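Visitor: What follows is a structure written as structure tokens; I'll ask about it next.
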Amino acid sequence: MRLNDKVAIVVGAGQSPGEGMGNGRAAALTFAREGAKVLCVDHHLESAQETEAMITAKGGTAAAFKADVTKSADIKAMVKDAQTRWGRIDVLHNNVGVSLSGGDAELLQLTEEAFDRVVAINLKSCILAAKEVIPIMRAQRSGAIINISSMAAITTYPYVAYKATKSAMIAFTEQLAYQNAEYGIRANVILPGLMNTPMAVDTRAREWHKTRAEVEAERDSKVPLRRKMGTGWDVANAALFLASDEANFITGVTLPVDGGASVRRG
């Protein structure tokens with residue numbers, strides 16, 4: 001019960017269609033298993049409700065909330081709902097993000113509309129959510145913010161908007177950490193590597209007109225550790241540590257969860 005009696009907002013707690021477990025849903029389930037009350041936020045209410053049902057079926061406490069996290073009014077309502085419902089906010093987990101599914105592309109094929117969409121979903125939502133929870137956490141003199149970036153931020157990656165936004169998320173997290181440390185608020189960012197999630201694998205299979213098995217094998221071959229992608233549970237376990245009091249003296253950290261991909265040079 002590492003998050004016993006804590007209140008967590010998981011933004012992106014639903015998941016894309018496909019096989020396996022997404023990072024956001026895995027985080028919501030993990031936080032609840034460890035005692036947190038979890039507000040499961042997603043723009044697809046049905047998907048958030050599925051996550052809520054999975055939590056309550058195991059005896060946990062959760063509520064589903066529909067939000068377009070690119071809209072300030074929806075972010076305000078999300079935070080108000082969690083605070084009104086449970087009286088405080090201890091953890092903000094920003095997991096939402098898109099790349100190919102948002103229309104991202106290499107530079108010469110990138111449209112202005114796709115760029116604006118990816119920036120709004122990946123970066124703007126993260127900043128707006130932090131803006132709303134920081135006053136609450138400052139008043140509490142405690143809180144943990146975990147942002148999900150990507151190894152794409154620090155490695156070669158072809159799609160422009162995703163790489164740019166995930167890089168910016170690292171800088172924003174560092175700024176959050178430094179400017180809010182005196183209030184007892186911690187902010188850290190996780191960089192997932194190649195993950196076997198519906199968004200990462202099934203989306204590519206659809207876009208590239210390949211089978212899921214083909215995409216999975218191609219991605220597995222690039223992972224140093226056991227030649228096997230990670231899963232949403234690997235990201236969730238890292239987030240659990242950063243959300244818990246075990247990470248009480250850790251803030252401003254960029255944590256790769258990547259099967260050793262980041263140690264390769266050249």
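For reference, each letter of the sequence shown is one residue, going 1 to 266 in the UniProt record's numbering. A virtual CB, placed ideally from N, CA and C, is assigned to each residue, including glycine. The structure presented is a predicted model; accordingly, all values stated were derived computationally and were not measured.
Compare the beta carbon distance of Thr-56 and Ile-170 with 8 Å and say whether it is the shorter of the two.
Guide: Residue mapping note: residue 56 aligns to position 56 of the sequence shown, counting from 1. Residue mapping note: residue 170 aligns to position 170 of the sequence shown, counting from 1. Contact flag unset, no.
Visitor: Please work out which residues of its chain come closer than 7 Å, Cβ to Cβ, to Met-1, disregarding the five sequence neighbours upstream and downstream, and give them in chain order.
Guide: Counted from its first residue, the sequence shown places residue 1 at position 1. Closer than 7 Å at the Cβ level, and outside the excluded window around Met-1, lie Glu-34 and Gly-35.
Visitor: With a CB to CB cut of under 6 Å and the five nearest residues on each side skipped, what residues in its chain are close to Gly-60?
Guide: Taking the sequence shown and counting its residues from 1, one reaches residue 60 at position 60. Ala-32.
Visitor: Taking just the CA atoms, how far does Gly-87 sit from Arg-264?
Guide: Within the sequence shown, the letter at position 264 stands for residue 264. Within the sequence shown, the letter at position 87 stands for residue 87. Each residue's alpha carbon lies about 45 Å from the other.
Visitor: Can you give me the start and stop residues for the beta strand (DSSP E) that Ile-250 sits inside?
Guide: Taking the sequence shown and counting its residues from 1, the one referred to as residue 250 is at position 250. Where Ile-250 is concerned, there is no enclosing beta strand (DSSP E), given that its DSSP letter is neither H nor E.
Visitor: Taking Cβ to Cβ, would you say residue 334 is nearer than 8 Å to Asn-237?
Guide: As shown, the chain starts at 1 and ends at 266. That puts residue 334 outside it, with no answer to give.
Visitor: To the nearest angstrom, how far is it from the Cα of Asp-90 to the Cα of Val-7?
Guide: Taking the sequence shown and counting its residues from 1, the one referred to as residue 90 is at position 90. Taking the sequence shown and counting its residues from 1, the one referred to as residue 7 is at position 7. Those two C-alpha atoms are separated by around 5 Å.
Visitor: When you compare the segment 68–79 with the segment 121–132, are there three or more beta-carbon pairs, one atom per stretch, that lie closer than 8 Å?
Guide: The segment 68–79, when compared against the segment 121–132, does touch it at the 8 Å Cβ threshold.
Visitor: Going by other Cβ atoms of all chains shown within 10 Å of its Cβ, with 16 needed for buried, is Ser-221 buried or exposed?
Guide: By one-based count along the sequence shown, residue 221 stands at place 221. The residue is exposed, with fewer than 16 neighbouring Cβ atoms inside 10 Å.
Visitor: Roughly how many whole angstroms lie between the Cα atoms of Glu-112 and Ser-72?
Guide: What you label residue 112 is simply residue 112 of the sequence shown in a count that begins at 1. What you label residue 72 is simply residue 72 of the sequence shown in a count that begins at 1. So the two alpha carbons sit approximately 22 Å from each other.
Visitor: Does the beta-carbon of Pro-192 have 16 or more other beta-carbons within 10 angstroms, so that it is buried, or is it exposed?
Guide: Within the sequence shown, the letter at position 192 stands for residue 192. Buried, by the Cβ-count rule.
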